[in-house]
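Q:
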Amino acid sequence: MFRLSSYRDFDWVLLGFVALLSVISVLEIKSATLHTKFHGFDQKQIGFLAVGLFLMFIMSMIDYHRLLDIVPWAYGISILSLVAVKLVGQKVLGARRWINLGGGVHFQPSEWVKLVLIVAVARYFWNLGGRELSWRDIGKAFALVCVPMMLVLMQPDMGTSLTYFPVLLCGLFLGGIRLKQAAILVLVFTIVIGGAWKSGKLLKPYQKARLTAFIDPDADPKGKGYQIRQSLIAVGSGGIWGKGANKGTQTQGDFLPIPYTDFIFAAFCEEHGFVGALGVLLLYFLILMRLIQNAQTAADLPGAYIIMGIVAVIVFQIAVNMGMVLGLMPVTGIPLPLMSYGGSSILFTFLSLGIVMNIRMRRFVN
Amino acid sequence: MELTPQSELAIRKTEKLPVAKLTAVQYVIAAILVVLAAGLWRLEVVGVDNFRALAEANRIRKVPVLAPRGRLFDREGRLLVDNYPSVSCFILREQVKDLEADMPLISAGLHMTPDQIHATLKRYESAPKYQPIPLKQDITPDEQAFIEAHRNELPELETLEEQRRLYPRDGFAAHLIGYVGEISEDDLNKPKYAFYQPGDVVGKSGVEATYDSLLRGVDGSRDVIVNSHGKEIGHLGQTLAQPGKDLRLTIDLDIQMAAEKAMEGKNGAVIAMDPHTGEILALVSRPTFDPNQFAVRLTKSYWNEILNNPDHPLLNKAIQAQLAPGSTFKIIMSYAGLQEGKAQLMHVPCNHGATFYGHYFSCDRNHGMVSIDNAIPYSCDTFYYTLADRLGIDTIARYASSVGLGQKTGIDLPDEASGIVPSTQWKLKNYHEKWYAGETISVGIGQGATTATPVQLARALSGIASGGVLRRPHLVSSDQVPPELQESIQENFPGSGEKTIPLTPENWEIITDAMYSVTSSPIGTAYAARLEGVDFAGKTGTADVVSGRQKGSTNKNTIPNAWFVGMTPRRNPDIVVAVLWEHGYWGNNSARLAAGIINTFVEKQRRRANNLKIAETPKPASAAPETPAAPPTGQPTAQATPPPVALKTENVPN
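So the protein lines, in turn, are chains G and F.
Using my numbering, read the first sequence as starting at -11 and increasing by one per residue.
Using my numbering, read the second sequence as starting at 145 and increasing by one per residue.
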């Protein structure tokens, strides 16, 4: 099983890009927390990265087929853990997302579920064997993703639950959904979402207000538009070259909300300008292209499915997070992968990368 | 899901994803990143100027550094109005996240009702957002501690130390000093206040209002860098406040105190003036009010108390009470009659009155044969009925106007009243009726439609006693006022001003000697108020309160007003004192009040002449040089008195 040829097959280039982005992340977290009570989060982030890196290497040694084998069990445990959160989870800011494992360690199952879901979806579509998807197949795929999604949405954690959706989309697309089916689905979705929005049952009023605030942040600059407005000011005032590290007035003056997590890209844009931001975009582009290349060279379909699922989640998070920072998308509370502070997010990313490494290293197997 | 056996894995392991689909995904990713890059371009390159400005507005706050207002001194440099440091609470609207949620806390901590807070916010709706709004002024140490303790929960509250007005107690000199208050919305729209901002404290009445531009100084400001909680994390620069100019008034504290004392418990007014210059030495109006209550936000109960007081405490009766002058008007009648060459020829038999145009006009006594010399001390109505009839209303009106009646004197206080000098034209204009000769008779004794203010009478009678030289009354001498402001005051306070009227020396002697008889001769109406060894002259007036009778209101309101205009010496007087005691029964009563004030003046002059040290004057420099029997013009003590204010910036909170 553990027939690793050598670490020459390890994707050092991908890891290099990831490391570069991680360094940028740590520096920006340091700057964003310089004068706040969160001072020192950059150190903690380094700790998370170290653990993440270690777990990535462990993960890269596990044959991803093993994961495919055990994923039904993992999926079941995931659903149970989400239900457990609902029942015994710790309430933080009005939402139950965390399970206190004792000793100061908190566990956020929803991040972990994301990884399980990627593998589960990969396995599901691979099992279909490339045949044309029937409505029944599509329905099953929806059920697979939507059950954990609804559980997370009920925490309530709209941001994370939304990140499950691209996994499904990616699976359907690669799994061979037909154009006609896709069109019907889009139509049905528009009607259902529209209806749910109107009825107000799906989302709580504050969630709705937060979603629409980005359209006109000046309408309520002190309330719902505050975050997005401060974010736009931060980004816009950065200019071409930025205000310099640790010199962003929006970031340092605490005007920008949570500049070390959800709005870290705004802080980065303010301090490093258009040029710096383009550099980060380029890094993401390179990482994503490298991942897709790995999917292409994967030894079998499930490997490719898994990588593309990871790609889908990362792209979705980048688009939604940066879109939010730039005022193109609503505020959803989705962190920016590899940049935002936070252990759960880093663990997810590096565990994913570990699987990718494993798939890459096995591309020539047999 | 059921487990898939390992064997199946081998079958499909050669399968690959279609390249086209992966390429499509790559394009989608590229497109997303291009859209994000475009968003970056839009904000960071296109919108940079706008967002830079917004970022600056976010972090830089202008904190006003309030200029201390100029203090007020009396003519000898004795302090009348001072400032004291006080703390006010401001609300920063930019820091407000949810005011309604904070309302109970703010309301409890500052002891204000939510309605009061809302009302304050509403008044400043038009002010720019960054401008702090004064929520509560002169807060207590408890309230200050509350704000300090809730910095995090209530970042919108800010305290500011400022200088606040400290006025004399018990409404002393309140009407001449006036008071300050927050500028009203109406005032903000006036051109005079073009450079004022909502929340500015301005003079609302008295000297505070007239000389506001001198007294207020120029507020400075500091640019401080703040974080999103409004906490100061640095500062950029500052503009120092220029303190307001201290003003020395023409008021003599000793005479003012004598006048205040004289009017204690009475309604009415006193005005004392130096007829040589027009300098006001004392000005009292009763009832009075406490300007200290206006300097801080006025309480509703005190405001209602003032509004509902039937005696109108806010009215400055010395310049605003327009009442029948009664017999004091006889001096003006005498002046007219003599100058017209008629009065000196008249010998009128008085038998408790006389009949004119079919109506009987009464006199209080049977004076026998009356001529101009005893008509004034007797205050014989019959004589003046006859004189009025002979002069005719328009001649009377011409002379009355020439001594400044029926028009403002131009005193440098707001809202002076002009009184009425009736004439044929006046009646035609106001009543569209012709004047009846019978109406002239009562005008001769200062009744009928004739009304005048105390300051007008003081100036008119002392003008005649000064040989026809009339001065513009004022509370601040011109040497303290820059030329532009002087001009604007002349413009904004129009009046008859400085003028000289014709008066022959013989007539001058006749009138002034007769006025001396009023207080010195046993036949004089104010003999009881005589001052031994003092050349004290004057004229009483007992004016019927016609309106009171007509309305048939309470008994008190039908009692005549007691007037007296007195001066010393009788010719070219150094001081003139006009006393109006509303419902004071007889002019004689007011004469005694005036005598007391004049006596204070004379004694002070005598002390000075003997070079005695004046006990009330604390500063050694104001032990004035000998100016024997000269009026205290203020000049000798001018240089030494007002303490320097250049260091006042030390008090400005930094």
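Backbone N, C-alpha and C fix where the C-beta goes; we use that ideal spot for every residue, glycine too.
Since the model is a prediction, treat every value here as computed from it, not as a measurement.
With a cut-off of 8 Å on the beta carbons, I'd call VAL39 (chain G) and GLU188 (chain F) a contact; round off their distance for me.
A: Mapped onto the first sequence, residue 39 (chain G) falls at position 51. Mapped onto the second sequence, residue 188 (chain F) falls at position 44. About 35 Å separates the two Cβ atoms, so there is no contact after all.
Q: Rounded to the nearest angstrom, what separates PHE217 (chain F) and LEU359 (chain F) at their Cα positions?
A: Here residue 217 (chain F) refers to the residue found at position 73 when the second sequence is read from its first residue. Here residue 359 (chain F) refers to the residue found at position 215 when the second sequence is read from its first residue. When rounded, the distance between both Cα atoms is 12 Å.
Q: Would you report the Cα separation of LEU2 (chain G) and PHE338 (chain G), rounded to the nearest angstrom?
A: Within the first sequence, numbered from 1, the residue matching residue 2 (chain G) stands at position 14. Within the first sequence, numbered from 1, the residue matching residue 338 (chain G) stands at position 350. One C-alpha to the other measures close to 12 Å.
Q: How about GLU244 (chain F): is its C-beta nearer than 8 Å to some C-beta of chain G?
A: By one-based count along the second sequence, residue 244 (chain F) stands at place 100. So no, GLU244 (chain F) is outside the interface.
Q: Quick one: complete beta strand (DSSP E) runs, 3+ long, within the region 193 to 251 of chain F?
A: Every beta strand (DSSP E) of 3 residues or more that sits fully in the region 193 to 251 of chain F is shown, in chain order, as 204 to 209, 223 to 235.
Q: What residues of chain F sit near VAL109 (chain G), judged by a beta carbon separation below 7 Å?
A: As a working note, residue 109 (chain G) is residue 121 in the first sequence. Simply none; closest approach about 11 Å.
Q: Helix, strand or coil: which one does DSSP assign to ASP396 (chain F)?
A: Counting from 1 along the second sequence, the entry for residue 396 (chain F) is found at position 252. When secondary structure is reduced to three states using DSSP, ASP396 (chain F) falls in the coil class, being assigned neither helix nor strand.
Q: Please report the Cβ distance between ASP6 (chain G) and LEU341 (chain G), rounded to the nearest whole angstrom; I am assuming they are in contact, meaning their Cβ atoms lie under 8 Å.
A: Sequence index remark: in the first sequence, residue 6 (chain G) carries index 18 (1-based). Sequence index remark: in the first sequence, residue 341 (chain G) carries index 353 (1-based). The amino acid at residue 6 (chain G) is misidentified as Asp; the sequence shows Val. Yes, VAL6 (chain G) and LEU341 (chain G) are in contact; Cβ-Cβ is about 7 Å, under 8 Å.
Q: Around the C-beta of GLU220 (chain F), are 16 or more other C-beta atoms found within 10 angstroms, so that it is buried, or is it exposed?
A: As a position in the second sequence, residue 220 (chain F) is number 76, starting the count at 1. Classification of GLU220 (chain F): buried, given that the 10 Å Cβ count is 16 or more.
Q: Report yes if the C-beta distance between TRP800 (chain F) and ASN733 (chain F) is below 8 Å; otherwise report no.
A: As shown, chain F starts at 145 and ends at 798. That puts residue 800 (chain F) outside it, with no answer to give.
Q: Tell me, which residues are paired with ARG309 (chain F) by DSSP?
A: Within the second sequence, residue 309 (chain F) is the residue found at index 165, counting from 1. Beta-bridge pairing links ARG309 (chain F) to F:ASN227.
Q: I'd like the ranges of any beta strand (DSSP E) spanning at least 3 consecutive residues and lying wholly in the region 181 to 253 of chain G.
A: Correct list: empty.
Q: In the DSSP assignment, the beta strand (DSSP E) including GLY381 (chain F) goes from what residue to what residue?
A: By one-based count along the second sequence, residue 381 (chain F) stands at place 237. Taken as a continuous stretch (DSSP letters only), the beta strand (DSSP E) holding GLY381 (chain F) covers 376 to 383.
Q: Assuming ILE298 (chain G) and LEU279 (chain G) make a contact with CB atoms under 8 Å, what is their CB distance in whole Å?
A: As a position in the first sequence, residue 298 (chain G) is number 310, starting the count at 1. As a position in the first sequence, residue 279 (chain G) is number 291, starting the count at 1. A Cβ-Cβ separation of about 7 Å places ILE298 (chain G) in contact with LEU279 (chain G) under the 8 Å criterion.
Q: Among F:PRO435, F:ASP434, F:THR394, F:PRO666, which residue has its Cα nearest to the Cα of ILE415 (chain F)?
A: As a working note, residue 415 (chain F) is residue 271 in the second sequence. Checked all of F:PRO435, F:ASP434, F:THR394, F:PRO666; the closest Cα to ILE415 (chain F) is F:THR394.
Q: Based on DSSP bridge pairs, tell me the residues matched to ASP367 (chain F).
A: Locating residue 367 (chain F) in the second sequence gives position 223, where the first residue counts as 1. DSSP, once it has assigned bridges, lists F:LYS206, F:GLY381 as partnering ASP367 (chain F).
Q: Within the chosen definition, does the region 529 to 549 of chain F reach the region 476 to 487 of chain F through at least 3 CB pairs nearer than 8 Å?
A: yes
Q: Distance check for GLU305 (chain F) and LYS336 (chain F), CA to CA, integer angstroms please.
A: Numbered from its first residue, the second sequence carries residue 336 (chain F) at position 192. Numbered from its first residue, the second sequence carries residue 305 (chain F) at position 161. Rounded to whole angstroms, the separation of the alpha carbons of GLU305 (chain F) and LYS336 (chain F) is 28 Å.
Q: Helix, strand or coil, according to DSSP, for TYR504 (chain F) in the structure here?
A: Counted from its first residue, the second sequence places residue 504 (chain F) at position 360. It is a strand residue.
Q: Give the secondary structure of SER332 (chain G) by DSSP, where H, G and I count as helix, E and B as strand, and everything else as coil.
A: Position 344 of the first sequence, counting from 1, holds the residue named residue 332 (chain G). In the structure shown, SER332 (chain G) sits in a helix (DSSP, three-state: H, G or I).
Q: How many Å lie between ILE347 (chain G) and TRP86 (chain G) at the Cα?
A: What you label residue 347 (chain G) is simply residue 359 of the first sequence in a count that begins at 1. What you label residue 86 (chain G) is simply residue 98 of the first sequence in a count that begins at 1. Computed Cα separation, rounded: 31 Å.
Q: Quick check on this structure: which residue in F:PHE438, F:GLU408, F:THR526, F:THR595 has the alpha carbon closest to the alpha carbon of PRO585 (chain F)?
A: Counting from one through the second sequence, the residue named residue 585 (chain F) turns up at place 441. The displayed chain sequence assigns Ile, not Pro, to residue 585 (chain F). Residue F:THR526 is the option with its Cα nearest to ILE585 (chain F).
Q: What's the call for SER328 (chain G), buried or exposed, on a 16-neighbour Cβ count within 10 Å?
A: To locate residue 328 (chain G), count along the first sequence from 1; it is residue 340. The residue in question, SER328 (chain G), is buried, as its Cβ has 16 or more Cβ neighbours within 10 Å.
Q: Enumerate in chain order the residues of its own chain whose CB-to-CB distance from THR530 (chain F) is below 6 Å, with the five nearest sequence positions on each side excluded.
A: Here residue 530 (chain F) is taken as the residue at index 386 of the second sequence, counted from 1. Excluding sequence neighbours, THR530 (chain F) sits near VAL492.
Q: Given that LYS165 (chain F) touches chain G, what residues does it touch there, using C-beta distances under 8 Å?
A: Position 21 of the second sequence, counted from the start, is the residue given in the question as residue 165 (chain F). Within chain G, the residues near LYS165 (chain F) are PHE161, LEU162.
Q: For ILE555 (chain F), go through chain G and note every residue whose CB falls closer than 9 Å to its CB, in chain order.
A: Translated into the one-based positions of the second sequence, residue 555 (chain F) becomes position 411. By Cβ distance, chain G contributes nothing, its closest Cβ being about 51 Å from ILE555 (chain F), past 9 Å.
Q: I'd like to know if GLU159 (chain F) contacts chain G, where contact means its C-beta is closer than 8 Å to some C-beta of that chain.
A: The sequence position of residue 159 (chain F) within the second sequence is 15, counting from 1. For GLU159 (chain F), the answer is yes, since a Cβ of chain G falls inside 8 Å of its Cβ.
Q: How big is the Cα-Cα spacing for GLY554 (chain F) and GLU642 (chain F)?
A: As a position in the second sequence, residue 554 (chain F) is number 410, starting the count at 1. As a position in the second sequence, residue 642 (chain F) is number 498, starting the count at 1. Distance between the alpha carbons of GLY554 (chain F) and GLU642 (chain F) is about 9 Å.
Q: Excluding the 5 residues preceding and the 5 following GLN694 (chain F) in the sequence, name in chain order all residues of the same chain whose CB lies nearer than 8 Å to its CB.
A: For the purposes of this step, residue 694 (chain F) is taken as the residue at position 550 of the second sequence. Interpretation of GLN694 (chain F) is limited by its pLDDT of 45, a score under 50 that renders its predicted location unreliable; the figure taken from the coordinates is listed afterwards. There are no such residues.
Q: Under 8 Å by Cβ, that's how I've got LEU68 (chain G) and ALA300 (chain G) pegged, so tell me the actual separation to the nearest angstrom.
A: In the first sequence, counting from the first residue as 1, residue 68 (chain G) sits at position 80. In the first sequence, counting from the first residue as 1, residue 300 (chain G) sits at position 312. Actually they are not in contact, since the Cβ atoms of LEU68 (chain G) and ALA300 (chain G) sit about 25 Å apart, beyond 8 Å.
Q: Taking the alpha carbon of MET277 (chain G) as the point to measure from, which residue in F:ASN296, F:ALA168, F:ARG751 has its own alpha carbon closest?
A: Here residue 277 (chain G) refers to the residue found at position 289 when the first sequence is read from its first residue. Among F:ASN296, F:ALA168, F:ARG751, the Cα nearest to that of MET277 (chain G) belongs to F:ALA168.
Q: For chain F, find out if any of its Cβ atoms is closer than 8 Å to the Cβ of ALA292 (chain G); answer yes or no.
A: As a position in the first sequence, residue 292 (chain G) is number 304, starting the count at 1. It does; some Cβ of chain F falls within 8 Å.
Q: Are the CB atoms of MET312 (chain G) and PRO318 (chain G) nearer to each other than 8 Å?
A: For the purposes of this step, residue 312 (chain G) is identified with residue 324 of the first sequence, where counting begins at 1. For the purposes of this step, residue 318 (chain G) is identified with residue 330 of the first sequence, where counting begins at 1. With respect to the 8 Å criterion, MET312 (chain G) and PRO318 (chain G) are classified as neighbours on the basis of their beta carbons.
Q: Quick check: the Cα distance between ALA767 (chain F) and VAL428 (chain F), rounded to an integer number of angstroms?
A: For the purposes of this step, residue 767 (chain F) is taken as residue 623 along the second sequence, with counting starting at 1. For the purposes of this step, residue 428 (chain F) is taken as residue 284 along the second sequence, with counting starting at 1. Bear in mind that a pLDDT of 39 at ALA767 (chain F), under 50, signals an unreliable position, so the number given afterwards is only what the model happens to contain. If I take the Cα positions, the gap works out to 26 Å.
Q: Give me the Cα-Cα distance between LEU8 (chain G) and ASP(-1) (chain G), rounded to the nearest whole angstrom.
A: Numbered from 1 along the first sequence, position 20 holds the residue referred to as residue 8 (chain G). Numbered from 1 along the first sequence, position 11 holds the residue referred to as residue -1 (chain G). Distance between the alpha carbons of LEU8 (chain G) and ASP(-1) (chain G) is about 14 Å.
Q: Closest by CA to PHE304 (chain G), which one among G:PRO325, G:LEU335, G:LEU289?
A: For the purposes of this step, residue 304 (chain G) is identified with residue 316 of the first sequence, where counting begins at 1. Here the closest residue by C-alpha is G:PRO325.
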